[in-house]
Amino acid sequence: MILSMQDICKTYIQGKVEVPVLRDVSFSVELGEYLAIMGPSGSGKTTLMNITGCLDRPTSGTYLLDGRDILGCRDDELAEIRNKYIGFVFQSFYLLPKMSALENVALPLLYAGMSKKDRLERAREALCTVGLEDRIDFRPNQLSGGQCQRVAIARAIAGHPSLLLADEPTGALDTASGEQVMEIFGRLHSEGSTIIMITHEQSIADCAEKIYRIRDGVLDTGKAGGTND
Amino acid sequence: MFENTRLAFQGVWNHKLRSFLTMLGIIIGIASIITIVSTIKGTNEQIKQNLIGSGTNAVIVSVYQDEYEYGMDYSPNPDGVAVISEETRHELEEIPNVEAASLFRKRSYANGIYYKNTGFNGSISGIDAHYFNVCGYDLCYGRGFADTDYKNCRKVVILDTKAVTTLFGHEDPIGSTIEIMTEPFTVVGVVEKSNTFKPVIETINDYYMYADTSSGSMFIPDSAWPIVYRFDEPQSAAVKASGTDAMTNAGKAAADLLTEKQILVSGSQFSYRSEDLLKQAQQLQAMSTQTNRQLVWIASISLLVGGIGVMNIMLVSVAERTSEIGLKKAIGAKKRRILRQFLTEAAVLTTLGGIIGIAAGIGLAKLLSSVMQTPTAISVPAIIISALFSAVIGIVFGLLPAMKAAKMSPIDALRRE
Ligand SMILES: Nc1ncnc2c1ncn2[C@@H]1O[C@H](COP(=O)(O)OP(=O)(O)OP(=O)(O)O)[C@@H](O)[C@H]1O
Ligand SMILES: [Mg+2]
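So the protein sequences, as listed, match chains A and B.
Just so you know, we're using the numbering used here here: the first sequence kicks off at 1 and counts up by one.
Just so you know, we're using the numbering used here here: the second sequence kicks off at 230 and counts up by one.
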């Protein structure tokens, strides 16, 4: 088991009103699993993803990642965990505009303390995996949306993370590009990657092995006897 | 680190105008400091050259009343101070490190001297035959004083070039008659200080005179002095030391000898003392340094303003790059790294400003010295300190924005897009 959450709650305080966004979310993910989380807009998907990716801290609950208690970690320790164990693919890419594709992909490896030669080699390898070996020196503004997302995926996988997190990775893409991304995910999965993907499109979710649904901050893992498709 | 610096330079280059405007405060501050420090150093060097580096190594020994030089201009002859004999002058020359000695009487601010209707308010000295040698004058034209001039107390006068300019302009002064205390004196020669540094600065009074408008010096034979001034006026002595470093000791020895021989009353308030030019030079330097140091403080305010400007622009830069910071943190950059990135950027900005400021300051100092005729000397330590200091300003004023960036939470930063 790579990841397990118990009774995770996240509550925002808006003025004097408490807004619960996640309520008692519990789930776990096995090594090599390919999981999709679906839910309507505003249901708390991104919030859950941020907590899973150690970008955000829950209000209460317990979270173990690779056996490590995440909630007790300091900010810099979380940064290291994100760097080592987690690869992020964001809905809106978040590539640095002044860097080439290769430099963008190599950036997390820099933070991991890798030598320049190793960084560039790994980054090139990751770009090959997503089929962008001929766009290595292009800047994000010289790439299409689908290509940008593939660069972002390359960046996420360059450090060989244990867990790949994707928040609506196809949300900004057309169907063809979306399918390309899904095909990459499928291949990564078949090579043994653990993937959690958030989406609100059924066709995308269907690519995963398992689908959980979230509604108003409650995650339905199908275990509590609720409906499952 | 190197990567950070490269990126910082790139950032500065990408926002050329903005970076330049931000640097302007630093540039102005550093430039004015360099200019001021160069001026201080230049003035100090000139003072030193004028006072002691003039090459003649002459030390003046004169009568003091308690702590102050006794001015014969307005006071009667000091009681119990005898006129120095030729014998004693020989003894002065026997002192180790003294090459030659001369005796003279002097009025620093002459009055009653006219050529036609032009008054002369420079100095006049009654000199012996050794004076020009000891104090380093060369004859330009005409003649020097002959033995007969001394023997017959002839009313002849020698001018220095400055006095010629003041009284005669471009006329030939030789043979003209100058009126000194109603007595007619004939100009026989013109002398000029033989060394490269003009004008002649032998005493502190000379320096002040030169500093405002000196109208030059005149010389008459000492035997003619009583005709126009007083009888039995005790002389001053000028001793020529063998080198600049020997000046202080030679002067002291000469002063001690004269005090012992010439001051007849024991426990007198009068004594012979030498002017310690080295010390006076230092005092003058200290004075000019002090006034200029206040200017440095004022210039530092501009650095402070510049620093605040840098802080401001760095805050803007941090705000603009929120999502960049968020992403970097999301993929594993620690606080330290973000902090360093922005500190480097601020330091590069201010150091660049500092370097431009140094260049501008050197240029300004050169310009100033050529336009205003004031001496300047570029100070290397000042340049190094300025460069380091401007980097420090960047780090100090960049700290707040950099910390703000480092403390950002990654999701907040990403969401703010
Ligand atoms: N910083 C915040 N302060 C207050 N409320 C917040 C904050 N962040 C998120 N929320 C609230 O949490 C809820 C869930 O937000 P979240 O971004 O997780 O939704 P989502 O499921 O990802 O939706 P979408 O599909 O539109 O991306 C929303 O109602 C939102 O208003
Ligand atoms: Mg979302």
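For each residue, glycine too, the CB sits at the ideal point set by N, CA and C.
- With a threshold of 16 other beta carbon atoms within 10 Å, residue 357 of chain B meets it and is buried.
- Against chain A, the CB of residue 585 of chain B has no partner CB under 7 Å away; the residue lies outside that interface.
- By the rule that beta-carbons nearer than 7 Å mark a contact, residue 12 of chain A does not touch chain B.
- Under the three-state reduction of DSSP, residue 460 of chain B is assigned to coil, being neither helix nor strand.
- Check the Cα spacing between residue 631 of chain B and each of B:499, B:545, B:455, B:341: the tightest is with B:545.
- Taking residue 159 of chain A as reference, the option from A:121, A:12, A:208, A:46 with the minimal CA-CA separation is A:121.
- Pairwise C-beta distances place the segment 598-614 of chain B in contact with the segment 260-268 of chain B, as three or more of them are shorter than 8 Å.
- Using a Cβ-Cβ cut-off of 7 Å, residue 141 of chain A does not count as an interface residue toward chain B, since no Cβ of chain B sits closer than that to its own.
- For residue 287 of chain B, the uninterrupted beta strand (DSSP E) run begins and ends at 287-294, by DSSP.
- Taking the Cβ atoms as the reference, residue 212 of chain A lies roughly 19 Å from residue 88 of chain A, outside the contact range of under 8 Å.
- Listed along chain B is no residue with a C-beta nearer than 7 Å to that of residue 163 of chain A; the closest approach is about 14 Å.
- The Cβ atoms of residue 363 of chain B and residue 329 of chain B sit closer than 7 Å to each other.
- Taking 3 residues as the shortest admissible run, the segment 334-416 of chain B contains the following complete beta strand (DSSP E) segments, listed from N- to C-terminal end: 342-344, 352-356, 366-371, 385-389, 406-409.
- Here DSSP, grouped into helix, strand and coil, assigns residue 98 of chain A to coil.
- Remark: the shortest separation between the CB of residue 45 of chain A and any heavy atom of ligand 1 falls under 6 Å.
- Contact note: residue 564 of chain B reaches chain A through 75, 76, 79, using a C-beta cutoff of 9 Å and chain order.
- In this structure, the straight-line span from the alpha carbon of residue 322 of chain B to that of residue 307 of chain B is close to 25 Å.
- Taking each of B:584, B:603, B:575 in turn and checking the Cα distance to residue 240 of chain B, the smallest one comes out for B:575.
- Considering only beta carbons, no part of the segment 174-187 of chain A lies closer than 9 Å to chain B.
- DSSP places residue 134 of chain A in the coil class of the three-state scheme, outside both helix and strand.
- Pairing residue 533 of chain B with residue 539 of chain B, the inter-Cα distance amounts to about 10 Å.
- No heavy atom of ligand 1 is found nearer than 6 Å to the CB of residue 638 of chain B.
- Around residue 555 of chain B, the same chain offers 639, 642, 643 as residues with beta carbons nearer than 6 Å, after the five sequence neighbours per side are excluded.
- For residue 175 of chain A, the enclosing alpha helix (DSSP H) has its first and last residue at 175-190.
- Collapsing the DSSP output to three states places residue 112 of chain A in coil.
- In this structure, the CA atom of residue 597 of chain B is about 30 Å from the CA atom of residue 351 of chain B.
- Looking only at A:41, A:6, A:5, A:29, the smallest Cα-Cα distance to residue 215 of chain A is reached by A:41.
- Taken through DSSP and simplified to helix, strand or coil, residue 312 of chain B comes out as coil.
- At a Cβ-Cβ threshold of 7 Å, residue 449 of chain B and residue 355 of chain B count as neighbours.
- Between residue 559 of chain B and chain A, the shortest Cβ-Cβ separation is below 7 Å.
- The three-state secondary structure of residue 26 of chain A, taken from DSSP, is strand.
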